[in-house]
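Below: one structure, written as structure tokens.
Number of protein chains: 2
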Amino acid sequence: MTELRHDPIQRRWVIIATDRSKRPTDFLQETAEMGGGGFCPFCNGHEDKTPPEIFALRRNGGVANGPGWDVRVIPNKFPALMIEGGLDKKAVGIYDRMRGVGAHEVIVETPDHAMDLAEMPVEQLATVVGIYRDRLGDLLKDRRFKYILIFRNHGAIAGASLAHPHTQIIATPVTPLQVAVELDSAKQHHQIKERCLFCDIIAQEIDEGKRIVYLDDQFIAFAPYASRFPFEIQLAPRQHLHNFADASDADVVGLARAMRDVLGRLRKALKDPPYNFVFHTSPNTETTHKRAHYWQSLAFDFHWHVEILPRLTRVAGFEWGTGFYINPTAPEDAAKFLKEVQP
Amino acid sequence: MTELRHDPIQRRWVIIATDRSKRPTDFLQETAEMGGGGFCPFCNGHEDKTPPEIFALRRNGGVANGPGWDVRVIPNKFPALMIEGGLDKKAVGIYDRMRGVGAHEVIVETPDHAMDLAEMPVEQLATVVGIYRDRLGDLLKDRRFKYILIFRNHGAIAGASLAHPHTQIIATPVTPLQVAVELDSAKQHHQIKERCLFCDIIAQEIDEGKRIVYLDDQFIAFAPYASRFPFEIQLAPRQHLHNFADASDADVVGLARAMRDVLGRLRKALKDPPYNFVFHTSPNTETTHKRAHYWQSLAFDFHWHVEILPRLTRVAGFEWGTGFYINPTAPEDAAKFLKEVQP
């Protein structure tokens, strides 16, 4: 039997196979090759093959754009959006356009080409995650940017073109559709109930217990009730916080601990699967409504979280055309499989 | 330079590379293998390997579930939704669920395993398309079903598990999210302007001309202004019609002619690319609001159309997590490339 389940955050129905869930071993392992032919522009000593760095952590000293760094932030060499100029918004008949103004950065997470985030010591991962937060905070200062996306493509199937561990940040002058839907769901829930939608979901997940993959005092990771994809995970702070840029150092360490656990379990259970993760946080509230609706526009009713999306199934085009997902692994089973392995 | 463009139907912003558009030859051709090891359950003479047929066209006679058919409609052997029973809707705390009730059919479009829809004679394709329409009309009679999805996966990358030409129909008790957004856009536009949003877009596309791939008296095919994917095509009747089930036989022939042209161009320009197509039509208006809002619920303000989505890029996980798309081929260029080849 299958079941239709509704996600109150993304407001979509999903078909879940509840009877005969696919196990981790049922998923095809395609190890698509990366391009690049051996030379890696992100490796130590190749700093001149990238644009000049925006930021670098050099614990043992050294000069900018030279070797010896621990983490390095650079502009994307082939940016989707450009930093210069104004938005030049205009109508094109019934359509609308603006110039592709924004930022597109790459966080090279380690000089070690073969290191996997899922195997990084928690302290080292916390340093990396702290840089995600700091870049977010820095980019939020630019009032042209409405939303800052932190996302990671791991493996060629997930869209990575280089194997060297890295995460990307795109600052855009618009809020992406799916984030906008989530913001609206959170706002409506809060208006009616005076409670946070995500906090309510976290409370129910802890009560039910059966979809939890990781839980400590600070963070929860669970397979969402209406998961679109097999082994999809949502990771969130248990305490209500709308903006990841406001995360404390203790939050960052807690997030690193939770990420290390969950990514480690996925790596173990699914043999280093391709995956994407995306941070969902509040939009840039400095840009708009500064006077009229300041308080409301702060999106205090949102609750930042990380979506981890393993790329195990190919049935995506139909989903693209409809927004309707068929998930062959029940989230309860996904959580069980992930709990059975040691990260 | 890149540009942000807004789609008034799907209400999303898309990043379009306007300067250095990727050409058809830039796209990786992955010819992923189909499973099945040579035996095809959809071939003539293998009728006992599928569930009993729902409908078959047998121009030269023959018995049900025997060989000699031209087109054959069967239930999916591994259905996402089951035809039996009630919906049993209920709340699960903050979530909602219902039983996976629906229909899942397969239209085997020809007994010829090696035939491609893009190479089928228009008359034969019209027969197939007429059966899409008739199955839609038949399934709309079941009031448990709110939406009927007609979609096709062509090629393993696009999610097809069998190479034999076939299209699928899923009848669901809910309207898929993306269709719901489109219905709402159409309704709001009509409420304000007393005109159809799609008719307005078609008029502008004909005026501008530069994104049109196919145009005759009956149908238009164009690369949408805010295309999410390279070589994405939207195909629609020029005359306002909300429900594909109400298409006349002449409409069906016109649609077949347009589809044959567009699919032929895609096949030629992109070397038989994997693709999905999805019909977007009005939802089942018999199910709800029968008394209170009958007229409004008929969705007369919608305009049925077909989305054709070639699967050329891999950058999907990020898009899944945000609803934000980066398209490396401007639709103006896609249209130009497709116009240059002969279907």
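If you read the sequences in order, they're chains G and W.
Using the numbering used here, you'd call the opening residue of the first sequence number 1 and step up by one each time.
Using the numbering used here, you'd call the opening residue of the second sequence number 1001 and step up by one each time.
Ideal Cβ placement from N, Cα and C applies to all residues, glycine included.
Am I right that residue i and residue j are in contact with their C-beta atoms under 8 Å? What's the rounded C-beta distance?
| i | j | result |
| --- | --- | --- |
| R1012/W | G1321/W | Not quite, the Cβ-Cβ distance comes to about 14 Å (not below 8 Å), so this is no contact. |
| R238/G | I220/G | 6 Å |
| P1175/W | I1150/W | Per the sequence shown, the amino acid found at residue 1175/W is Thr instead of Pro. The Cβ separation is near 14 Å, so there is no contact. |
| T25/G | A1080/W | That belief does not hold up - the Cβ atoms of T25/G and A1080/W are roughly 22 Å apart, past 8 Å. |
| L183/G | F302/G | 6 Å |
| A226/G | Y1225/W | 32 Å between Cβ atoms; not a contact. |
Drop a sphere of 10 angstroms on the beta-carbon of residue i, count the other beta-carbons inside from all chains shown, and report buried for 16 or more, exposed for fewer.
| i | result |
| --- | --- |
| A91/G | exposed |
| K1022/W | buried |
| Q178/G | buried |
| L1270/W | buried |
| E109/G | buried |
| H1154/W | buried |
| G254/G | buried |
| N1327/W | buried |
| K1089/W | exposed |
| D216/G | exposed |
| N1243/W | buried |
| W1295/W | Note that W1295/W scores a pLDDT of 47, beneath 50, so its modelled location is shaky and nothing firm can be said. |
| K1146/W | buried |
| D1249/W | exposed |
| G1045/W | exposed |
| F1318/W | buried |
| D1019/W | exposed |
| A114/G | exposed |
Terminal residues of the continuous beta strand (DSSP E) containing residue i?
| i | result |
| --- | --- |
| I9/G | That residue, I9/G, is in no beta strand (DSSP E); it is neither H nor E in DSSP. |
| F344/G | The structure shown does not extend to residue 344/G, since chain G is modelled only from 1 through 343, so no value can be given for it. |
| T167/G | 166-172 |
| H189/G | Where H189/G is concerned, there is no enclosing beta strand (DSSP E), although the alpha helix (DSSP H) it sits in stretches over 177-193. |
| E1123/W | Here E1123/W belongs to no beta strand (DSSP E); instead the alpha helix (DSSP H) covers 1122-1139. |
| A1103/W | 1103-1108 |
| F1219/W | 1219-1222 |
| L1309/W | 1305-1310 |
| D96/G | 95-99 |
| H280/G | 275-280 |
| L1057/W | 1055-1057 |
| Y225/G | Note, Y225/G: premise wrong, no beta strand (DSSP E); not H, not E. |
| I326/G | 325-327 |
| I83/G | Here I83/G belongs to no beta strand (DSSP E), and DSSP marks it neither H nor E. |
| L117/G | Where L117/G is concerned, there is no enclosing beta strand (DSSP E), given that its DSSP letter is neither H nor E. |
What is the rounded straight-line gap between the Cα of residue i and the Cα of residue j?
| i | j | result |
| --- | --- | --- |
| C1043/W | K1268/W | 26 Å |
| K193/G | G159/G | 40 Å |
| T1281/W | L1241/W | 9 Å |
| K141/G | A171/G | 11 Å |
| Q218/G | P283/G | 23 Å |
| I206/G | W304/G | 18 Å |
| L27/G | L87/G | Looking at the sequence provided, one finds Phe at residue 27/G rather than Leu. Going by the C-alpha atoms only, they are around 44 Å apart. |
| R1291/W | R1143/W | With a pLDDT of 45 at R1291/W, under the threshold of 50, the predicted position of this residue should be treated as unreliable, though the coordinate-derived value follows. One C-alpha to the other measures close to 15 Å. |
| Q990/W | F337/G | Absent from the model: residue 990/W. The displayed extent of chain W is 1001 to 1343, so no value can be given. |
| D1070/W | E1105/W | 17 Å |
| T127/G | F231/G | 26 Å |
| L125/G | H1006/W | 37 Å |
| C1196/W | R58/G | 59 Å |
| P1051/W | V1073/W | 10 Å |
| L235/G | F1229/W | 29 Å |
| Q1204/W | K1339/W | 19 Å |
| R314/G | V1262/W | 24 Å |
| S161/G | N76/G | 12 Å |
| V14/G | L4/G | 6 Å |
| D200/G | A1330/W | 43 Å |
| K1210/W | D1333/W | 9 Å |
| G38/G | D48/G | 17 Å |
| A223/G | I202/G | 11 Å |
| L139/G | I148/G | 7 Å |
| D1112/W | H1164/W | 8 Å |
| V252/G | V1181/W | 37 Å |
| G93/G | F1198/W | 13 Å |
What are the start and end residues of the alpha helix (DSSP H) that includes residue i?
| i | result |
| --- | --- |
| K268/G | 249-270 |
| I1157/W | No alpha helix (DSSP H) holds I1157/W; DSSP gives it neither H nor E. |
| P1237/W | P1237/W -> not in any alpha helix (DSSP H); beta strand (DSSP E) instead, spanning 1233-1237. |
| L338/G | 331-340 |
Please compile the residues from chain A whose C-beta is within a distance smaller than 9 Å of the C-beta of residue i.
| i | result |
| --- | --- |
| P1008/W | The question asks about chain A, but that chain is absent: this structure's protein chains are G and W. |
Any heavy atom of the ligand MG closer than 7 Å to the Cβ of residue i?
| i | result |
| --- | --- |
| F1300/W | As for the ligand MG, it is missing from this structure, which has no ligand bound. |
Hey, is the stretch 267-281 of chain G in contact with the stretch 306-323 of chain G, meaning 3+ C-beta pairs nearer than 8 Å? The stretch 267-281 of chain G vs the stretch 306-323 of chain G: in contact.
#### Entry: Cβ contact check for the stretch 57-74 of chain G and the stretch 94-103 of chain G: 3 or more pairs under 8 Å
At 8 Å Cβ cutoff, the stretches do not touch.
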